[in-house]
Every structure is written in C-alpha cells, then in structure tokens.
Amino acid sequence: MDRRQFLKWSGIATGAAAVATIGGAADAQDATPGARTAAAHAGAVANAASALPVHGSAARGRIAAPGGQVAVHTPNGSTLTLRLVDGVKVGHLVAGEFDHEFTTGVRARCWGYNGGTPGPTIEAVEGDRLRIYVTNRLPEPTTVHWHGLILPNGMDGVAGLNQRPIPPGETFVYEFTLSRPGTFMYHPHYDEMTQLALGMMGMFIVHPRRPVGPRVDRDFALMTHEWRLEAGARRPDPNAMSDFNVLTFNSRAFPSTEPLLVGRGERVRIRLGNLSPMDHHPIHLHGLFFHETATDGGYIPASAQRPETTVLVPVGSTRVIEFVADEPGDWAMHCHMTHHVMMQMGHARSMLGADTRTLDRRMSRVSPEYMSMGQRGMGGMGEMPMAVPPNSAPMRGGEGPFSYIDMGGMFTVLKVRDDVGSADPRGWFTHPAGSVAGPADAARRRADGIDD
Ligand SMILES: [Cu+2]
C-alpha cells in the first residue's frame, strides 16, 4: 500500500464505496471464491482450522513410533495419511490451488498440497520405506524436494538437475528409505519464488527408531511463513522481496492460530520450520526457557545445547526446542520482529508526533468522518471499528481476557494448565488472586517511596 492509498484508508468508515478506488480492487470481487476449493481433488484433505478439533488431551498420548514417542501435532494443519502396501508406506500429495483463510476476513488464492498450506505433515519412522505419489494440478510444472533428507540423487527433486519437472496434470512417484531421523521439510524446486510465496511447503518428521533424549509428552510442528498480500488482492504477490505484511504460523495469523495446550510439568517439543521467501524469524517464548535440541542437520549433543528464550529460525532451516512447562498460564509465543506481529494495515499508518489538525480539516471536506491515526502511537488501533479494505484485517491482534491483545500475525499462545485433560483450549487462564499487575494506590506508592 503506497502513501496515497494509505491516506485513503486513514479515513474511518469511508465505506465500501472507497474500495473501488484502490489498486487491486478489480480482483476483490472474486477474493472469496469459496466453492472452487481443492477439495474436489482426489486425495484432498480439508485443512480449514475452523473445521478441525482444537488440540486437547484427546490428541495426547497417540503413539507414533517405538519407545512411546508421541505423534506430532500440526496446529491448524493435518498429517498425511500413509497406507502400508507390501511393507512400503504409501502417500499421495496433490499440488494445487485453493482458497485459503489466513484469519477472519483475510483470504487469498494460495498454492499448496492436498488443499492446504502448509501441506500435510509427513510423519514416519527411521528405516521406513516411503513411496509418495505427487499429482500436479497447478497451471505450471512442479517438483518436490525433500529438504534435509539423505536419499538417492534422483529422488532429490531439483528440476533439471535430478529429474524432469512434473507437467500439469501428471503424477510422478518418489520412493526412498528414511535413513536418519530428524525434523525436515518438503517444497518445490521449480519456480521456487512463485511456488513458495504462494504457500507450497510442509513439514517432514522422521522419528528415531530408538528415542533420543528424554521422552516428550507433546510434540508440535509449526511452519513460519511470510506473505505479501495487498489489501483487496486476490493472490499473495510472488514478486515481493520485502514489506511482507501477513506473517503466519502454519499459514494462519493470530487470532486464528490454534493455541498450544499443554499440561503443567509436561515435557514439550516444538519443531519450527522456515520456508519464508526472505526473512529469518526469532521466535520468542514467554514463561520458560528451552534448549535447542536439533536442526535439520541432526541432533545437537546435550553438552552443546544452550538455554534460550528465543530461537532464530533461518530461512531454509528447522529448529527443534524442548522444555518442561512448569509455570501455568497463558504465555505468548511470537516472532520478535515487531513488524512480524502486525497485519496489513499496521505497517504504514503511524503518524507519530504529527499535528494532523490541518490535514483532518481538509480531508473532512471530502470525507466527513476522516480521522488521522497514530499520532500518539499505534496502541489500541486494532480494536477500532474502522472500515478496512476487502481481504485485510485490523492492524493487529484479537480479544484477550483483560483487553485487546495488541499483537497479531506470527503470534500464538502456549496454554499451560493444571487440568489439561478438561481445559477448554479456547479458554483463558484463571489467575490466582493478587497475581495480576494492576493500579498502585497512593498509600502503597508512598509506603515504598515512589514519587509521581
Ligand atoms: Cu518474523
């Protein structure tokens, strides 16, 4: 959004009539095609978070690998179905286009696998033989590269170098043995700039045959991503090199990110992947410290694991963190780049320190309800009942238990509960009496020698 557009949208309640005047509005009419989803594709997996059960105690304890290793849960996502055929685990990925919702009111035509972005998490065990069919329903060729896996050269998926690209309408087959465990990813290696920008990516988890490190009670997979989605546009902009304005965990922006619900005292693993076009993401977790236990290169020896509260996830990498959730509460988990916890309208509107009275007066002649914003900072702007362009959201977050949460985008909540078995994942933490920061009365300030 350039400055001219920004000024137009600085007007509150300018209404739908103004929509037609902004760039990209021609595409707005079909921004929510709805019916044309990839669900019609063979093997499609519904990936809409609203239709998925929120992770709770029921998901805990499903054993996915020897030694009691629990299954990986992909918040807002799914796991690829693998069928055993003569000792080989067989799966099917369908590359295609579909309508994707980042958060309420923010939709776009995206590309991905089996009707979703990220594609379903592939989960298997070290030593497994895997056969993955890939059907291409995109308008251009594609391939799948199995990022981090060691496999025969002809299975590596780099178009031109390792194989012929998969033409539209055709199905190729990949087959390899999972020679080592770890947290990997998959993505195309054909027209990477376009296909990754539109959402083609997925996590690939290989459990070790013999467990490594202490057993965890919960195992999550989160893929970070960044998108340039012009307000009113129908598709993410594949040409963007900077100014990404929709930041996501598993292709969802807060408040549509599914919270991570865990029990107090449980050991938790979070596997983070990053196939963003350009940016690394420093993911910060409140309320605890963790150890980085693995990368897509392998396990980090215990003696080399540092305690941290923020883990940098570089582009083209995975990072695995583990911790024991000792302190109950609702803990923020987010990218620490301040522009990565904003939505589209947040990046270009601040008029901090400006005297806008003249501007407001002049603007009011053409738009009676015009009001400049951000002169005293941008806090609270997300909750204002402003008109926003189609396919965009207020600049920040969502409703919290005390007030509006002023962060959105790449933001989610780790919910640590004593009663995890019966806890409502959508519910908020009940704070013990006297444990919430609040106003300090005069007597108390005086007693402690606080002048104000
Ligand atoms: Cu970030």
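Here the working numbering is used: the first residue of the sequence shown is 363, the next is one more, and so on. Note that CB positions come from ideal geometry on N, CA and C, so glycine has one too. Since the structure is predicted, the reported quantities are computational estimates derived from the model, not experimental observations.
- Partner residues in a beta bridge of Ser754, as assigned by DSSP, do not exist.
- The beta carbons of Thr533 and Thr497 sit about 4 Å from each other, so the pair counts as a contact at 8 Å.
- In the DSSP assignment, Ala804 falls within the alpha helix (DSSP H) that extends over Ala804 to Ala809.
- Each of Arg596, Glu592 and Arg542 was checked against the Cα of Asn607, and the nearest Cα belongs to Glu592.
- Cβ neighbours of Gly691 within its own chain (closer than 7 Å, five residues either side excluded): Gly649, Val778 and Phe791.
- Inter-segment contact for the segment 457 to 473 and the segment 557 to 564 is present: three or more beta-carbon pairs are separated by less than 8 Å.
- In this structure, DSSP gives Met585 an extended state, which the three-state scheme calls strand.
- In terms of CA proximity to Asp605, Met640 leads the group Gly531, Thr657, Arg631 and Met640.
- For Leu500, there is no enclosing alpha helix (DSSP H), as DSSP gives it neither H nor E.
- If you check the C-beta of Pro644 against ligand 1, you find a heavy atom less than 8 Å away.
- Short note on Thr792: C-beta not closer than 8 Å to any heavy atom of ligand 1.
- Ligand 1 has a heavy atom closer than 8 Å to the beta-carbon of Asp641.
- Met772 has its Cβ nearer than 8 Å to a heavy atom of ligand 1.
- Within the chosen limit of 8 Å, ligand 1 does not reach the beta carbon of Glu554 with any heavy atom.
- Checking the 8 Å criterion, the Cβ of His454 is out of range of every heavy atom belonging to ligand 1.
- As DSSP reads the structure, Arg445 sits in a beta bridge with Val452.
- If you look at Thr466, you'll find it isn't in any alpha helix (DSSP H); DSSP assigns it neither H nor E.
- For Thr586, the shortest C-beta to heavy atom distance toward ligand 1 is below 8 Å.
- When secondary structure is reduced to three states using DSSP, Arg491 falls in the strand class.
- Residue state for Ala615 is assigned as coil, using DSSP reduced to three classes.
- Ligand 1 has a heavy atom closer than 8 Å to the beta-carbon of Leu609.
- At least one heavy atom of ligand 1 lies closer than 8 Å to the C-beta of Met699.
- With the rule of 3 Cβ pairs closer than 8 Å, the segment 448 to 457 does not count as touching the segment 511 to 523.
- If you draw a straight line from the Cα of Glu588 to the Cα of Arg424, it is about 32 Å long.
- In the structure shown, Thr505 adopts coil according to DSSP, grouped into three states.
- Within the same chain, and ignoring the five residues on either side of Pro676 in sequence, the residues whose Cβ sits closer than 8 Å to its Cβ are Asn636 and His642.
- Counting only residues of its own chain and dropping the five nearest sequence neighbours on each side, Asp780 has a CB closer than 7 Å to the CB of Arg626 and Pro690.
- For Glu628, there is no enclosing beta strand (DSSP E), since its DSSP letter is neither H nor E.
- Taking the CA atoms as reference points, Arg668 sits about 10 Å from Ile662.
- Contiguous beta strand (DSSP E) elements confined to the segment 765 to 814 occur at 773 to 779, taking only those with 3 or more residues.
- Here Leu540 is near Val568, since their CB atoms are less than 9 Å apart.
- Taking 9 Å as the cut-off, the Cβ atoms of Thr483 and Ser618 do not count as close.
- Only exposed fits Phe651, as fewer than 16 other CB atoms lie within 10 angstroms of its CB.
- In the DSSP assignment, Ala559 falls within the alpha helix (DSSP H) that extends over Glu554 to Ala559.
- Proximity to Gly659 across Gly678, Pro644 and Ile645 peaks at Gly678, based on C-alpha coordinates.
- DSSP, reduced to helix, strand and coil, places Thr479 outside both helices and strands of the structure shown, so it counts as coil.
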